[in-house]
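Remarks on the structure that follows.
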Amino acid sequence: MAYPDFNMEHQWLPFTPNRSFAQNPRVFVAADGMHFTTHDGRQVLDGIASLWCVVAGHNRRPINEAIKRQLDTLDYATAFQASNDQAFKAAEMIAAMAPGDLNKVLFCNSGSEAADTSLKVALAYHRARGEGHRHVFIGREKGYHGVNFGGMSVGGLPANRKAYGAQLLPRVDHMRFIHDPIGHAFIHGREPVWDEDPLLELEQRILPLHDPSNVAAIIVEPVAGSAGWYIPPQGYLKRLREICDRHGILLIFDEVITGFGRLGTPFAADYFGVVPDMLNFAKGVTNGVIPMGGVLCSQRIYDAMMQAHGSSPEHAIELFHGYTYSGHPVACAAAIACLSLYQQEALFERAGQMGRLLGDAVHSQIKGLPHVVGIRTLGLAAAVELAPAALPGKRAFDVFMSCFAKGVLVRPAGENLVLCPPYIVEPAHIEQMVSVLAQVLREYA
Ligand SMILES: Cc1ncc(COP(=O)(O)O)c(C=O)c1O
Numbered sequence: 033m034a035y036p037d038f039n040m041e042h043q044w045l046p047f048t049p050n051r052s053f054a055q056n057p058r059v060f061v062a063a064d065g066m067h068f069t070t071h072d073g074r075q076v077l078d079g080i081a082s083l084w085c086v087v088a089g090h091n092r093r094p095i096n097e098a099i100k101r102q103l104d105t106l107d108y109a110t111a112f113q114a115s116n117d118q119a120f121k122a123a124e125m126i127a128a129m130a131p132g133d134l135n136k137v138l139f140c141n142s143g144s145e146a147a148d149t150s151l152k153v154a155l156a157y158h159r160a161r162g163e164g165h166r167h168v169f170i171g172r173e174k175g176y177h178g179v180n181f182g183g184m185s186v187g188g189l190p191a192n193r194k195a196y197g198a199q200l201l202p203r204v205d206h207m208r209f210i211h212d213p214i215g216h217a218f219i220h221g222r223e224p225v226w227d228e229d230p231l232l233e234l235e236q237r238i239l240p241l242h243d244p245s246n247v248a249a250i251i252v253e254p255v256a257g258s259a260g261w262y263i264p265p266q267g268y269l270k271r272l273r274e275i276c277d278r279h280g281i282l283l284i285f286d287e288v289i290t291g292f293g294r295l296g297t298p299f300a301a302d303y304f305g306v307v308p309d310m311l312n313f314a315k316g317v318t319n320g321v322i323p324m325g326g327v328l329c330s331q332r333i334y335d336a337m338m339q340a341h342g343s344s345p346e347h348a349i350e351l352f353h354g355y356t357y358s359g360h361p362v363a364c365a366a367a368i369a370c371l372s373l374y375q376q377e378a379l380f381e382r383a384g385q386m387g388r389l390l391g392d393a394v395h396s397q398i399k400g401l402p403h404v405v406g407i408r409t410l411g412l413a414a415a416v417e418l419a420p421a422a423l424p425g426k427r428a429f430d431v432f433m434s435c436f437a438k439g440v441l442v443r444p445a446g447e448n449l450v451l452c453p454p455y456i457v458e459p460a461h462i463e464q465m466v467s468v469l470a471q472v473l474r475e476y477a
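So the mapping is simple: this note's numbering equals the position in the sequence shown, first residue as 1, plus 32.
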């Protein structure tokens, strides 16, 4: 397809510099396996699983066929006051994969909706138990929980505060970020051991300030993905779990990125051995092929909500929440096919194995190159942090553009370049991604 064959006047591109895009458009028209085809006929290696989504690679037959079959069987059905067979099956499979008593799935359509859903469940749960005064949410600096008002509020991105700060949720606080650029700039496949305790601030300042009895939930990404793959210090999540338990606070893991195998285990909760009260997912649940998200809730939360309504009339709705497309049969059919495929091909284990290769390659080939001030690898993901330039983010953006020109899609995130390929990645692809990034960094100097 030639460039003039499409008109770029009418799409307002999300999270993209629209003014400059047309000068150097990056337009995909086909994809297969690890590669895209661009409008001008080039092959580009998908080094970021299309934003952490396409974990099984592109154009997977079993997923495509499940979707086509479902379209011909039950295209759509309302989600309210009724359901569909695919939604029950998908929920059963997701719950079976999840750790602990994370047994109940509330479906939605994206990670942003999952964030807001989990926050609303936290408020509803506490109210149902007679603790409706628990309103405070705690997130973390640089956290990303999507673009809706709840998720933006508990998220910790300065750009969101700049543009939308006037109307974010009022009773929200944030823990400090989990990065030590001096002591642990380079992290290779394991959690860093910190001398200090980053959660003392939560215990000794934030919780006393709000009074812990007012706190509804704490939400974190187990590994801070969108900010640039920041890995928690050893023991951090276990200690967070203990603090939450001590004060009756719900712990929410946002696993939109880490869920479905990125760390070599089904969820980061498994990797770190910590079970949250709610776990948000999206992206990999359908290999990104069709929008879907959800919140896995503990049986305890569900039971409490049902018990609280024990004396309500039978037609009363226990949780006043849902989306028109919650549990969409086609998305659920895709999810069922994906989860089966992940198991059949042992893709999560493969992510762990390939992650070790990626970590070794990035550390050995990129450490010491110009501007590189940090490298963090864990699971099948790596971040290369560059020293900030005069214009924030410019250096990473330029590197991203040069890598694209050389046929590799990497992700600029602040001052970081992130690699997080599909789990079907081969050693040769890893070599290509890392050597192109290294070459661009050398040239950029
Ligand atoms: C941790 C996390 N939460 C939420 C979201 C938002 O997901 P979506 O873009 O599907 O709304 C993302 C997206 O990258 C994410 O990384």
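Glycine is no exception: its CB is placed at the ideal position from the N, C-alpha and C atoms.
Return the CA-CA distance between residue i and residue j, expressed in angstroms with no decimal places.
i	j	result
Ala-160	Thr-409	42 angstroms
Gly-314	Cys-140	Note on residue identity: the sequence assigns Ala, not Gly, to residue 314. Each residue's Cα considered, the two are about 9 angstroms apart.
Ala-426	Glu-447	As written in the sequence, residue 426 is Lys, which differs from the Ala given in the question. For Lys-426 and Glu-447, the distance between alpha carbons rounds to 8 angstroms.
Asp-430	Gln-43	23 angstroms
Gly-354	Lys-399	47 angstroms
Ile-333	Asp-309	8 angstroms
Ile-80	Ala-415	11 angstroms
Pro-49	Arg-382	35 angstroms
Gly-162	Ala-336	11 angstroms
Gln-236	Gly-257	27 angstroms
Val-59	Pro-323	20 angstroms
Val-61	Thr-69	6 angstroms
Leu-379	Ile-238	40 angstroms
Leu-473	His-403	8 angstroms
Ala-413	His-167	35 angstroms
Ala-421	Cys-85	30 angstroms
Thr-356	Ala-109	9 angstroms
Lys-438	Ser-245	54 angstroms
Phe-468	Cys-435	Here the sequence assigns Val to residue 468, which means Phe is not the residue at that position. Their backbone Cα atoms lie some 6 angstroms apart in a straight line.
Pro-424	Leu-83	21 angstroms
Gly-260	His-347	46 angstroms
Asp-243	Ala-198	25 angstroms
Glu-233	Gly-65	45 angstroms
Asp-107	Ala-363	10 angstroms
To the nearest whole angstrom, what separates the beta carbons of residue i and residue j, a pair I think is in contact under 8 angstroms?
i	j	result
Glu-173	His-206	5 angstroms
Val-247	Ile-284	Incorrect: roughly 12 angstroms between the Cβ atoms, too far for contact.
His-90	Leu-77	Between Leu-77 and His-90 the Cβ distance is about 11 angstroms, and since that is not below 8 angstroms, they are no contact.
Gly-132	Val-327	About 14 angstroms separates the two Cβ atoms, so there is no contact after all.
Val-225	Pro-254	That pair is no contact at about 17 angstroms.
Pro-454	Ala-88	6 angstroms
Glu-463	Ala-393	7 angstroms
Glu-287	Phe-304	At roughly 11 angstroms, the Cβ-Cβ gap does not stay under 8 angstroms, so Glu-287 and Phe-304 are not in contact.
Glu-350	His-360	Not confirmed; about 22 angstroms, so no contact.
Ala-127	Asn-135	5 angstroms
Ala-428	Leu-449	6 angstroms
Ile-368	Ala-98	7 angstroms
Val-186	Gly-171	3 angstroms
Restricting to Cα atoms, I'd like to know which of the options is closest to residue i.
i	options	result
Phe-38	Ala-128, Lys-399, His-71, Gly-257	His-71
Gln-55	Met-433, Ala-369, Leu-441	Met-433
Tyr-157	Ser-358, Leu-401, Ser-330, Val-440	Ser-330
Leu-401	Gln-471, Met-465, Ala-198	Gln-471
Leu-389	Leu-189, Met-184, His-220	His-220
Phe-112	Ser-358, Val-288, Val-168, Gln-464	Ser-358
Phe-218	Glu-417, Gly-439, Val-442, Ala-421	Glu-417
Gln-75	Ala-63, Leu-83, Arg-166, Phe-47	Ala-63
Gly-296	Gln-385, Ser-343, Gly-316	Gln-385
Ile-289	Arg-271, Ala-123, Tyr-262, Cys-435	Tyr-262
Leu-103	Gln-397, Ala-366, Ile-349	Ala-366
Ile-275	Ile-251, Ala-259, Asn-192, Asp-286	Ile-251
Thr-149	Cys-85, Ile-368, Cys-435, Gly-325	Gly-325
Val-442	Leu-423, Val-457, Val-466	Val-466
Leu-241	Gly-260, Gly-267, Arg-278, Arg-203	Arg-203
Gly-183	Ala-122, Pro-190, Leu-151, Gly-197	Leu-151
Arg-273	Gly-291, Ala-301, Ile-407	Ala-301
Met-125	Val-405, Ile-210, Val-317, Gly-387	Val-317
Pro-444	Met-40, Met-129, Phe-47	Phe-47
Met-129	Phe-292, Val-362, Gly-320, Phe-352	Phe-292
Gly-267	Gly-164, Arg-294, Leu-231	Leu-231
Given 8 angstroms, three or more beta-carbon pairs between the stretch 140-148 and the stretch 170-180: Short answer: they touch.
Stretch-stretch touch, CB-based, cutoff 8 angstroms, three pairs: the stretch 87-102 with the stretch 366-383: yes
Touch test, the stretch 213-228 against the stretch 111-118, Cβ-Cβ under 8 angstroms, three pairs minimum: Counting Cβ pairs under 8 angstroms, fewer than three are found: no touch.
Runs of beta strand (DSSP E) wholly within the stretch 235-317 (minimum 3 residues, chain order): DSSP runs (the beta strand (DSSP E)) wholly in the stretch 235-317: 247-252, 282-286, 310-313.
Segments assigned beta strand (DSSP E), at least 3 residues, entirely inside the stretch 50-117: 60-64, 67-70, 75-78
Uninterrupted alpha helix (DSSP H) stretches inside the stretch 322-409 (no shorter than 4 residues): For the stretch 322-409, the full-length alpha helix (DSSP H) segments reaching 4 residues or more read 331-340, 361-376, 379-398 along the chain.
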